[in-house]
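Chemist:
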Amino acid sequence: MSERLPVTLLVGTRNAGGELRGCLESCAGWVSEIVVVDMESEDDTRAIAEEFGATVVGVPAAGFVEAGRQEGIGRASQPWVLVLDADERAGPRTRDLVAGYAARDDLAGVELIFKNHLFGRWIRHSGYWPETHLRLFRPEAVQWPAVVHGQPRVDGAVERSPVDPESAIEHFNYRSISEWFARNNRYTDIEASQRFAAGERTSPSRLLLGPPRSFFVRYLLWKGFRDGPQGLAIALLMACYTAMLELKLAELKRASR
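Counting from 1, position 191 in the sequence shown corresponds to residue 190 in numbering that gives the first Met the number 0; the numbering is continuous, with no gaps.
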(Lines of atoms letter the chains of each structure in order from A; the text may use other names.)
(Lines give C-alpha, C1' and ligand atoms only; values in the text may rest on other atoms or scores of the structure.)
Protein backbone atom coordinates (compact mmCIF):
# COMPACT_ATOMS: atom_id res chain seq x y z
CA MET A 0 0.00 0.00 0.00
CA SER A 1 1.27 3.51 -0.83
CA GLU A 2 2.13 5.93 1.95
CA ARG A 3 -0.90 8.01 2.78
CA LEU A 4 -0.76 11.66 1.82
CA PRO A 5 -2.06 14.59 3.93
CA VAL A 6 -5.09 14.84 1.65
CA THR A 7 -8.86 14.70 2.14
CA LEU A 8 -10.74 13.23 -0.82
CA LEU A 9 -14.04 15.11 -1.20
CA VAL A 10 -16.79 13.62 -3.37
CA GLY A 11 -20.29 14.96 -3.98
CA THR A 12 -23.04 12.43 -4.67
CA ARG A 13 -26.68 11.97 -5.55
CA ASN A 14 -27.78 8.39 -6.33
CA ALA A 15 -24.21 7.58 -7.42
CA GLY A 16 -24.12 3.93 -6.34
CA GLY A 17 -23.18 2.74 -9.81
CA GLU A 18 -20.14 5.02 -10.03
CA LEU A 19 -18.91 5.83 -6.54
CA ARG A 20 -17.00 2.61 -5.85
CA GLY A 21 -14.64 3.13 -8.80
CA CYS A 22 -13.98 6.72 -7.73
CA LEU A 23 -13.15 5.79 -4.14
CA GLU A 24 -11.06 2.76 -5.13
CA SER A 25 -8.84 4.98 -7.27
CA CYS A 26 -7.78 7.06 -4.23
CA ALA A 27 -8.59 5.13 -1.05
CA GLY A 28 -5.13 3.60 -0.76
CA TRP A 29 -3.27 6.90 -0.55
CA VAL A 30 -5.52 9.65 0.86
CA SER A 31 -5.80 10.10 4.64
CA GLU A 32 -9.51 10.93 4.75
CA ILE A 33 -12.61 10.60 2.62
CA VAL A 34 -15.59 12.95 2.93
CA VAL A 35 -18.71 12.27 0.87
CA VAL A 36 -21.31 15.03 0.65
CA ASP A 37 -24.54 13.24 -0.21
CA MET A 38 -27.67 14.90 -1.55
CA GLU A 39 -30.45 12.64 -0.28
CA SER A 40 -29.47 9.55 -2.27
CA GLU A 41 -32.10 6.84 -2.48
CA ASP A 42 -29.79 4.03 -3.60
CA ASP A 43 -26.76 2.40 -1.94
CA THR A 44 -24.49 5.46 -2.26
CA ARG A 45 -24.18 6.01 1.50
CA ALA A 46 -23.51 2.34 2.20
CA ILE A 47 -20.69 2.27 -0.37
CA ALA A 48 -19.17 5.44 1.08
CA GLU A 49 -19.27 4.01 4.61
CA GLU A 50 -17.67 0.78 3.35
CA PHE A 51 -14.59 2.88 2.50
CA GLY A 52 -14.60 4.54 5.92
CA ALA A 53 -15.87 7.84 4.57
CA THR A 54 -17.46 10.56 6.64
CA VAL A 55 -20.87 11.04 5.03
CA VAL A 56 -22.35 14.53 5.24
CA GLY A 57 -26.01 14.86 4.28
CA VAL A 58 -27.20 18.04 2.54
CA PRO A 59 -30.46 18.89 0.71
CA ALA A 60 -30.71 17.78 -2.92
CA ALA A 61 -30.09 20.91 -4.98
CA GLY A 62 -29.75 19.35 -8.43
CA PHE A 63 -26.09 20.33 -8.84
CA VAL A 64 -22.98 19.24 -6.97
CA GLU A 65 -21.52 22.70 -6.29
CA ALA A 66 -24.27 23.38 -3.74
CA GLY A 67 -22.58 21.03 -1.27
CA ARG A 68 -18.93 21.68 -1.98
CA GLN A 69 -18.30 24.32 0.69
CA GLU A 70 -19.95 22.17 3.34
CA GLY A 71 -17.60 19.33 2.45
CA ILE A 72 -14.54 21.59 2.44
CA GLY A 73 -15.45 22.70 5.94
CA ARG A 74 -15.43 19.07 7.14
CA ALA A 75 -11.94 18.31 5.80
CA SER A 76 -9.28 17.73 8.48
CA GLN A 77 -6.24 17.41 6.20
CA PRO A 78 -3.97 20.22 4.90
CA TRP A 79 -5.01 19.51 1.30
CA VAL A 80 -8.35 18.67 -0.35
CA LEU A 81 -8.76 16.71 -3.59
CA VAL A 82 -12.22 17.12 -5.12
CA LEU A 83 -13.64 14.46 -7.44
CA ASP A 84 -17.12 13.71 -8.73
CA ALA A 85 -18.41 10.15 -8.52
CA ASP A 86 -17.85 9.63 -12.26
CA GLU A 87 -14.18 10.67 -12.00
CA ARG A 88 -11.11 8.55 -11.24
CA ALA A 89 -7.50 9.23 -10.29
CA GLY A 90 -5.14 8.18 -13.07
CA PRO A 91 -2.18 5.76 -12.72
CA ARG A 92 0.22 8.57 -11.77
CA THR A 93 -2.18 10.99 -10.06
CA ARG A 94 -0.96 9.91 -6.63
CA ASP A 95 2.65 10.85 -7.46
CA LEU A 96 1.53 14.19 -8.88
CA VAL A 97 -0.50 15.02 -5.76
CA ALA A 98 2.37 13.94 -3.49
CA GLY A 99 4.68 16.46 -5.15
CA TYR A 100 2.27 19.33 -4.66
CA ALA A 101 1.31 18.33 -1.11
CA ALA A 102 4.97 18.61 -0.10
CA ARG A 103 5.12 22.28 -1.13
CA ASP A 104 4.26 25.27 1.05
CA ASP A 105 4.15 27.94 -1.68
CA LEU A 106 0.79 27.03 -3.24
CA ALA A 107 -2.86 27.51 -2.36
CA GLY A 108 -4.24 25.38 -5.18
CA VAL A 109 -3.54 23.33 -8.28
CA GLU A 110 -5.46 23.15 -11.55
CA LEU A 111 -5.47 19.46 -12.44
CA ILE A 112 -5.65 18.13 -16.00
CA PHE A 113 -8.78 16.17 -16.93
CA LYS A 114 -9.10 13.40 -19.50
CA ASN A 115 -12.75 13.42 -20.60
CA HIS A 116 -14.57 10.39 -22.01
CA LEU A 117 -17.89 11.20 -23.70
CA PHE A 118 -20.14 8.73 -25.51
CA GLY A 119 -17.53 6.00 -25.13
CA ARG A 120 -14.50 7.88 -26.47
CA TRP A 121 -11.61 9.89 -25.03
CA ILE A 122 -12.24 13.36 -26.48
CA ARG A 123 -8.89 14.85 -27.51
CA HIS A 124 -10.26 18.01 -29.14
CA SER A 125 -13.57 19.94 -28.94
CA GLY A 126 -12.17 22.03 -26.09
CA TYR A 127 -11.87 19.00 -23.79
CA TRP A 128 -8.12 18.25 -23.92
CA PRO A 129 -6.28 19.43 -22.06
CA GLU A 130 -9.08 20.66 -19.79
CA THR A 131 -8.20 21.94 -16.33
CA HIS A 132 -10.13 22.40 -13.10
CA LEU A 133 -8.99 23.62 -9.70
CA ARG A 134 -9.51 20.46 -7.68
CA LEU A 135 -6.49 20.27 -5.36
CA PHE A 136 -6.16 23.02 -2.78
CA ARG A 137 -5.67 24.09 0.81
CA PRO A 138 -9.17 24.22 2.35
CA GLU A 139 -8.64 27.50 4.20
CA ALA A 140 -7.74 29.22 0.91
CA VAL A 141 -10.90 28.35 -1.06
CA GLN A 142 -14.52 29.48 -1.19
CA TRP A 143 -16.78 27.50 -3.54
CA PRO A 144 -19.98 29.32 -4.59
CA ALA A 145 -23.25 27.38 -4.64
CA VAL A 146 -23.79 28.08 -8.35
CA VAL A 147 -24.20 25.49 -11.12
CA HIS A 148 -20.83 25.16 -12.87
CA GLY A 149 -19.49 27.71 -10.37
CA GLN A 150 -15.74 28.06 -10.05
CA PRO A 151 -13.93 28.29 -6.69
CA ARG A 152 -12.33 31.51 -5.47
CA VAL A 153 -8.75 31.00 -4.29
CA ASP A 154 -6.72 33.20 -1.98
CA GLY A 155 -3.12 32.49 -2.94
CA ALA A 156 -0.89 31.10 -5.66
CA VAL A 157 -2.29 28.56 -8.12
CA GLU A 158 -0.29 26.31 -10.43
CA ARG A 159 -1.39 24.23 -13.42
CA SER A 160 -0.34 20.58 -13.47
CA PRO A 161 1.62 19.16 -16.44
CA VAL A 162 -0.26 17.85 -19.47
CA ASP A 163 0.20 14.13 -18.86
CA PRO A 164 -2.54 11.56 -19.66
CA GLU A 165 -1.17 9.21 -16.98
CA SER A 166 -1.56 11.68 -14.13
CA ALA A 167 -4.77 13.28 -15.44
CA ILE A 168 -8.11 12.81 -13.72
CA GLU A 169 -10.24 10.42 -15.80
CA HIS A 170 -13.77 11.76 -16.25
CA PHE A 171 -16.31 9.26 -17.57
CA ASN A 172 -18.99 11.70 -18.57
CA TYR A 173 -22.16 11.20 -20.62
CA ARG A 174 -22.71 7.67 -21.92
CA SER A 175 -25.79 8.46 -24.03
CA ILE A 176 -27.71 11.31 -25.64
CA SER A 177 -30.65 10.62 -23.32
CA GLU A 178 -28.41 11.05 -20.28
CA TRP A 179 -27.08 14.32 -21.71
CA PHE A 180 -30.57 15.77 -22.19
CA ALA A 181 -31.83 14.60 -18.79
CA ARG A 182 -28.94 16.20 -16.94
CA ASN A 183 -28.60 19.37 -18.97
CA ASN A 184 -32.32 20.10 -18.95
CA ARG A 185 -31.93 20.29 -15.15
CA TYR A 186 -28.70 22.29 -15.36
CA THR A 187 -30.18 24.90 -17.71
CA ASP A 188 -33.23 25.27 -15.45
CA ILE A 189 -30.96 26.06 -12.51
CA GLU A 190 -28.44 28.16 -14.44
CA ALA A 191 -31.15 30.26 -16.11
CA SER A 192 -32.81 30.93 -12.74
CA GLN A 193 -29.51 31.93 -11.14
CA ARG A 194 -28.54 34.20 -14.04
CA PHE A 195 -31.98 35.81 -14.16
CA ALA A 196 -31.88 36.46 -10.41
CA ALA A 197 -28.48 38.13 -10.92
CA GLY A 198 -29.99 40.51 -13.48
CA GLU A 199 -28.97 38.83 -16.73
CA ARG A 200 -31.40 39.03 -19.66
CA THR A 201 -31.37 37.49 -23.13
CA SER A 202 -32.00 39.15 -26.48
CA PRO A 203 -32.96 38.08 -30.03
CA SER A 204 -29.35 38.51 -31.17
CA ARG A 205 -28.05 36.26 -28.38
CA LEU A 206 -30.59 33.59 -29.23
CA LEU A 207 -29.85 33.77 -32.96
CA LEU A 208 -26.08 34.01 -32.78
CA GLY A 209 -25.18 32.11 -29.62
CA PRO A 210 -25.96 28.52 -30.72
CA PRO A 211 -24.20 28.69 -34.13
CA ARG A 212 -21.23 30.44 -32.53
CA SER A 213 -20.98 27.64 -29.98
CA PHE A 214 -21.05 25.03 -32.76
CA PHE A 215 -18.44 26.87 -34.83
CA VAL A 216 -16.04 27.21 -31.91
CA ARG A 217 -16.22 23.57 -30.79
CA TYR A 218 -16.42 21.84 -34.15
CA LEU A 219 -14.13 24.01 -36.27
CA LEU A 220 -12.00 26.30 -34.12
CA TRP A 221 -11.36 23.62 -31.47
CA LYS A 222 -11.20 20.87 -34.13
CA GLY A 223 -14.09 18.80 -32.87
CA PHE A 224 -14.29 17.20 -36.30
CA ARG A 225 -11.18 15.21 -35.32
CA ASP A 226 -13.19 13.51 -32.57
CA GLY A 227 -15.33 11.68 -35.13
CA PRO A 228 -19.09 11.24 -34.63
CA GLN A 229 -18.70 12.05 -30.95
CA GLY A 230 -17.15 15.41 -31.84
CA LEU A 231 -20.09 16.29 -34.06
CA ALA A 232 -22.54 15.21 -31.35
CA ILE A 233 -20.75 17.33 -28.73
CA ALA A 234 -20.77 20.44 -30.94
CA LEU A 235 -24.46 20.06 -31.72
CA LEU A 236 -25.39 19.37 -28.10
CA MET A 237 -23.44 22.33 -26.74
CA ALA A 238 -25.14 24.57 -29.31
CA CYS A 239 -28.41 23.11 -28.01
CA TYR A 240 -27.34 23.92 -24.42
CA THR A 241 -26.81 27.55 -25.42
CA ALA A 242 -30.22 27.69 -27.08
CA MET A 243 -31.95 26.07 -24.10
CA LEU A 244 -30.35 28.54 -21.71
CA GLU A 245 -31.32 31.58 -23.76
CA LEU A 246 -34.88 30.31 -24.28
CA LYS A 247 -35.30 29.70 -20.56
CA LEU A 248 -34.03 33.20 -19.77
CA ALA A 249 -36.65 34.56 -22.21
CA GLU A 250 -39.30 32.40 -20.54
CA LEU A 251 -38.40 33.77 -17.10
CA LYS A 252 -38.61 37.33 -18.42
CA ARG A 253 -42.11 36.72 -19.79
CA ALA A 254 -43.23 35.13 -16.53
CA SER A 255 -41.97 38.11 -14.50
CA ARG A 256 -44.10 40.70 -16.31
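By construction, the Cβ of each residue, glycine as well, lies at the ideal position given by its N, Cα and C atoms.
With a cut-off of 8 Å, do at least 3 Cβ pairs link the region 22-35 to the region 50-62?
Modeler: As far as the Cβ criterion goes, the region 22-35 touches the region 50-62, which means the pair count is three or higher.
Chemist: According to DSSP, simplified to helix, strand and coil, what is Arg-258?
Modeler: Residue 258 is absent from the model: the chain starts at 0 and stops at 256.
Chemist: Check whether the Cβ atoms of Phe-214 and Tyr-173 sit closer than 8 Å, and answer yes or no.
Modeler: Not closer than 8 Å, so no.
Chemist: With distances taken between CB atoms, is the gap from Arg-20 to Gly-126 smaller than 8 Å?
Modeler: No, the Cβ-Cβ distance between Arg-20 and Gly-126 is not below 8 Å.
Chemist: How would you label Ala-238, buried or exposed, when you count the other beta carbons within 10 angstroms and need 16 or more for buried?
Modeler: Result: buried.
Chemist: One question on the structure: do Pro-138 and Glu-65 come within less than 8 Å of each other, judged by their Cβ atoms?
Modeler: Not a contact, by the Cβ cut-off of 8 Å.
Chemist: Cβ atoms of Gly-71 and Ile-47: under 8 Å apart, would you say?
Modeler: Not a contact, by the Cβ cut-off of 8 Å.
Chemist: For the beta strand (DSSP E) that contains Arg-34, what are its first and last residues?
Modeler: The amino acid occupying residue 34 in the given sequence is Val; Arg does not appear at that position. Note, Val-34: beta strand (DSSP E), 30-37.
Chemist: Using DSSP with H/G/I as helix, E/B as strand and the rest coil, what is Phe-136?
Modeler: DSSP places Phe-136 in strand when its eight states are reduced to three.
Chemist: With a 10 Å radius around its C-beta and 16 neighbouring C-beta atoms as the bar for buried, classify Lys-114 as buried or exposed.
Modeler: Under this definition Lys-114 is a buried residue.
Chemist: Determine the burial state of Lys-252: buried for a count of at least 16 other Cβ atoms within 10 Å of its Cβ, exposed for fewer.
Modeler: Per the 10 Å Cβ criterion, exposed.
Chemist: Can you list, in chain order, the stretches of the alpha helix (DSSP H) that have 4 or more residues and sit fully within the region 181-241?
Modeler: Counting whole runs of 4 or more residues, the region 181-241 contains the alpha helix (DSSP H) stretches 203-215.
Chemist: At the level of alpha carbons, what is the spacing between Glu-130 and Pro-151?
Modeler: Whole-angstrom Cα-Cα distance: 16 Å.
Chemist: Between which two residues does the beta strand (DSSP E) holding Arg-3 run?
Modeler: Counting along the chain, Arg-3 falls outside any beta strand (DSSP E), and DSSP gives it neither H nor E.
Chemist: What residues match up with Thr-12 in a beta bridge as DSSP calls it?
Modeler: Beta-bridge pairing links Thr-12 to Asp-37.
Chemist: Counting only runs that start and end within the region 59-90, where is the beta strand (DSSP E) found for 3 or more residues in a row?
Modeler: Complete beta strand (DSSP E) runs here, min 3: 79-84.
Chemist: Kindly list the residues whose CB is nearer than 7 Å to the CB of Trp-179, restricted to its own chain and excluding five residues on each side of it in sequence; keep chain order.
Modeler: Hits under 7 Å: Tyr-173 and Leu-236.
Chemist: Quick check: the Cα distance between Pro-161 and Ala-167, rounded to an integer number of angstroms?
Modeler: Answer to the nearest angstrom: the Cα atoms are 9 Å apart.
Chemist: What do you get for Gln-77, buried or exposed, if any count of 16 or more other CB atoms within 10 angstroms of its CB means buried?
Modeler: When all chains shown are included, Gln-77 counts as buried.
Chemist: Can you give me the C-alpha to C-alpha distance between Ile-176 and Tyr-240, rounded to a whole angstrom?
Modeler: Looking at the two C-alpha atoms, the distance is approximately 13 Å.
Chemist: Figure out for me which residue from Ala-254, Glu-2, Glu-245 and Glu-39 has the closest Cα to the Cα of Pro-59.
Modeler: Nearest option by C-alpha distance: Glu-39.
Chemist: Using the rule of at least 16 other Cβ atoms within 10 Å of the residue's Cβ for burial, across every protein chain shown, is Glu-190 buried or exposed?
Modeler: Glu-190 comes out buried.
Chemist: Give the list of continuous beta strand (DSSP E) stretches no shorter than 3 residues that lie fully inside the region 91-126.
Modeler: Here the runs fully enclosed are 108-117.
Chemist: Could you pull the DSSP bridge partners for His-170 from this structure?
Modeler: For His-170, which the question treats as bridged, DSSP gives the partners Glu-87 and Asn-115.
Chemist: So, at 6 Å on beta carbons, what are the nonlocal neighbours of Val-157 in its own chain, with the 5 sequence-adjacent residues on each side left out?
Modeler: The answer, listed in chain order, is Gly-108.
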